[in-house]
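In my numbering, the protein residues as written are 14 to 442.
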């Protein structure tokens with residue numbers, strides 16, 4: 014029989030062991046209990062087409078994540094772009110967004126969601142190691158009111174694509190300045206070539222022309238100040254409008270640009286029927302597609318500089334806008350953050366390897382499959398420091414519509430540069 018004194022000693026020792034075990038479990042941050050808890054994260058994105066490489070890479074990334082996180086189940090829902098945009102707008106406006114993490118590419122929408130408290134700031138979750146792992150400037154679009162709302166995925170870069178063969182036949186120089194662009198357009202037209210194919214029927218494509226000129230005239234910082242509502246348009250913006258009109262008047266875009274959509278314009282260039290195309294860096298892939306007739310004949314250049322302009326070669330149109338964000342109503346903020354960080358970083362690497370965009374992270378990327386055009390673009394981006402976004406991804410819908418209508422009016426000579434500036438400034442009132 015155990016004596017009472019010994020029994021007390023045994024009970025005390027057992028209590029100490031139990032206390033130490035419980036304390037150890039608590040100090041581990043709940044890792045043990047957390048790892049056993051089954052958590053489902055609902056994720057929305059716009060890669061709905063099975064032929065889309067981004068959808069393929071996303072599914073691969075999710076599969077890998079679930080294997081390394083057996084307690085996490087990712088349930089994904091996707092819609093095509095326009096339907097997806099409508100879903101985001103409707104769901105968040107009505108506080109019915111049934112997701113934990115969602116994909117977005119519009120800093121303007123991100124800003125609106127942040128200001129209304131619909132998305133989660135990640136400052137309490139992100140660490141210095143992670144912040145030091147992203148590229149300079151890649152977080153700018155995700156910072157609002159002193160808080161950080163996401164991490165980068167990939168960026169794009171506006172380029173001037175030139176058909177080298179047509180330039181040689183016309184005796185024209187691939188332009189690095191606006192004056193050279195005008196000269197090239199005249200020489201190409203004289204030889205019967207369409208100088209610049211532009212999908213003006215899609216207003217955003219027309220806006221690319223004005224927006225690159227505004228950036229070169231004023232500098233990216235001045236454009237960003239305008240887009241943020243911190244300043245009004247001035248003479249430099251009017252000068253950019255004058256240059257759009259001048260390009261139209263010298264026949265730079267041909268006679269049917271208003272009836273040509275962006276997809277049609279892409280095809281016209283890749284079938285060798287136009288000398289130039291101003292488009293995002295993603296267009297490099299089109300030039301090497303199976304049905305392209307311009308493989309090995311295309312050079313990618315920065316959009317032309319303007320003599321006397323403030324936008325130098327360190328300024329560019331594009332930037333890091335693509336990212337997954339976290340719904341502020343999520344019941345699993347820590348887990349949602351960890352997945353958001355993972356999917357942004359992983360997709361950034363996949364996109365970079367496939368020559369679809371530029372990774373926002375300082376990770377090694379397999380460049381063995383890069384085509385010659387993509388290598389040219391990568392070299393150009395190494396000089397870039399300050400970006401201005403495509404305006405329709407930043408402005409609200411009312412200002413975007415007003416801007417697009419004003420730019421289209423330039424293409425048909427229905428507005429003067431001075432009235433263009435007045436209209437644009439009035440859209441803020």
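The beta carbon of each residue, even a glycine, is placed where N, CA and C say it ideally should be. Treat the numbers as computed from the prediction; the structure is a model and nothing was measured.
Taking all protein chains shown into account, do 16 or more other C-beta atoms lie within 10 angstroms of the C-beta of residue i, making it buried, or fewer, making it exposed?
{"i": "residue 278", "result": "buried"}
{"i": "residue 402", "result": "buried"}
{"i": "residue 102", "result": "exposed"}
{"i": "residue 439", "result": "exposed"}
{"i": "residue 130", "result": "exposed"}
{"i": "residue 410", "result": "exposed"}
{"i": "residue 441", "result": "exposed"}
{"i": "residue 326", "result": "exposed"}
{"i": "residue 243", "result": "exposed"}
{"i": "residue 427", "result": "exposed"}
{"i": "residue 51", "result": "exposed"}
{"i": "residue 262", "result": "exposed"}
{"i": "residue 109", "result": "exposed"}
{"i": "residue 107", "result": "exposed"}
{"i": "residue 158", "result": "exposed"}
{"i": "residue 273", "result": "buried"}
{"i": "residue 120", "result": "buried"}
{"i": "residue 405", "result": "buried"}
{"i": "residue 368", "result": "buried"}
{"i": "residue 111", "result": "exposed"}
{"i": "residue 419", "result": "buried"}
{"i": "residue 302", "result": "exposed"}
{"i": "residue 413", "result": "buried"}
Rank the options by C-alpha distance to the C-alpha of residue i and give the top, closest one.
{"i": "residue 209", "options": "62, 250, 268, 241", "result": "268"}
{"i": "residue 10", "options": "333, 65, 298, 406", "result": "With the chain covering only 14 through 442, there is no way to say anything about residue 10."}
{"i": "residue 149", "options": "417, 422, 395, 406", "result": "395"}
{"i": "residue 182", "options": "194, 193, 204, 161", "result": "204"}
{"i": "residue 196", "options": "314, 265, 51", "result": "265"}
{"i": "residue 123", "options": "338, 380, 53, 249", "result": "338"}
{"i": "residue 291", "options": "263, 211, 342", "result": "211"}
{"i": "residue 363", "options": "53, 62, 67", "result": "67"}
{"i": "residue 147", "options": "223, 294, 373, 384", "result": "373"}
{"i": "residue 305", "options": "293, 316, 287, 315", "result": "287"}
{"i": "residue 216", "options": "389, 436, 270", "result": "270"}
{"i": "residue 334", "options": "246, 237, 118", "result": "118"}
{"i": "residue 452", "options": "188, 185, 260, 189", "result": "Outside the displayed span of the chain (14 to 442) sits residue 452, for which this structure offers no information."}
{"i": "residue 387", "options": "284, 167, 295", "result": "295"}
{"i": "residue 207", "options": "214, 213, 137, 285", "result": "285"}
{"i": "residue 11", "options": "234, 365, 61, 276", "result": "This structure leaves residue 11 out entirely; the chain is present only between 14 and 442."}
{"i": "residue 92", "options": "82, 116, 76", "result": "116"}
{"i": "residue 348", "options": "95, 65, 87, 62", "result": "87"}
{"i": "residue 357", "options": "143, 346, 188, 324", "result": "143"}
{"i": "residue 155", "options": "145, 135, 227, 141", "result": "135"}
{"i": "residue 200", "options": "191, 190, 368, 186", "result": "186"}
{"i": "residue 256", "options": "235, 302, 319", "result": "319"}
{"i": "residue 162", "options": "421, 137, 184", "result": "137"}
{"i": "residue 251", "options": "80, 282, 90, 431", "result": "431"}
{"i": "residue 177", "options": "312, 382, 389", "result": "312"}
{"i": "residue 425", "options": "213, 126, 112", "result": "213"}
{"i": "residue 127", "options": "276, 340, 238", "result": "340"}
{"i": "residue 258", "options": "433, 69, 65, 62", "result": "433"}
{"i": "residue 346", "options": "429, 190, 113, 389", "result": "113"}
{"i": "residue 85", "options": "98, 64, 56, 95", "result": "56"}
{"i": "residue 89", "options": "99, 192, 69, 429", "result": "69"}
Less than 8 Å between the CB atoms is what I'm expecting for residue i and residue j, so what's the real figure, rounded?
{"i": "residue 289", "j": "residue 225", "result": "Wrong, their Cβ atoms sit about 12 Å apart, outside the cutoff."}
{"i": "residue 332", "j": "residue 230", "result": "Incorrect: roughly 19 Å between the Cβ atoms, too far for contact."}
{"i": "residue 408", "j": "residue 254", "result": "So it is not a contact: roughly 17 Å between Cβ atoms."}
{"i": "residue 71", "j": "residue 58", "result": "7 Å"}
{"i": "residue 133", "j": "residue 343", "result": "7 Å"}
{"i": "residue 360", "j": "residue 74", "result": "6 Å"}
{"i": "residue 316", "j": "residue 179", "result": "That belief does not hold up - the Cβ atoms of residue 316 and residue 179 are roughly 19 Å apart, past 8 Å."}
{"i": "residue 314", "j": "residue 175", "result": "6 Å"}
{"i": "residue 168", "j": "residue 370", "result": "6 Å"}
{"i": "residue 329", "j": "residue 400", "result": "5 Å"}
{"i": "residue 246", "j": "residue 437", "result": "5 Å"}
{"i": "residue 307", "j": "residue 283", "result": "6 Å"}
Which residue or residues does DSSP assign as beta-bridge partners of residue i?
{"i": "residue 443", "result": "Residue 443 lies beyond the residue range present for the chain, which begins at 14 and ends at 442; the question has no answer from this structure."}
{"i": "residue 340", "result": "132"}
{"i": "residue 57", "result": "90, 115"}
{"i": "residue 287", "result": "207"}
{"i": "residue 258", "result": "DSSP, once it has assigned bridges, lists no residue as partnering residue 258."}
{"i": "residue 281", "result": "DSSP, once it has assigned bridges, lists no residue as partnering residue 281."}
{"i": "residue 85", "result": "52"}
For a test of your reading of the model: does the CB of residue i fall under 6 Å from any non-hydrogen atom of the ligand GTP? Yes or no.
{"i": "residue 214", "result": "Because no ligand of any kind appears in the structure shown, any question about the ligand GTP cannot be addressed here."}
request  = Taking only runs that begin and end inside the region 292–317, name each unbroken beta strand (DSSP E) of 3 or more residues, in chain order.
outcome  = Listed in chain order, the complete beta strand (DSSP E) runs (minimum 3 residues) inside the region 292–317 are 311–315.
task = Let me know the alpha helix (DSSP H) ranges lying completely inside the region 344–411, each 4 residues or longer, listed in chain order.
result = Within the region 344–411, the complete alpha helix (DSSP H) runs of at least 4 residues are 346–366, 385–394.
inquiry  = Please give me, in chain order, every unbroken run of the beta strand (DSSP E) with length at least 3 that falls completely inside the region 113–194.
reply    = You should have 114–117, 167–176.
request  = Run through the region 185–253 for me and flag every whole beta strand (DSSP E) of 3 or more residues, listed as ranges in chain order.
outcome  = Listed in chain order, the complete beta strand (DSSP E) runs (minimum 3 residues) inside the region 185–253 are 207–209.
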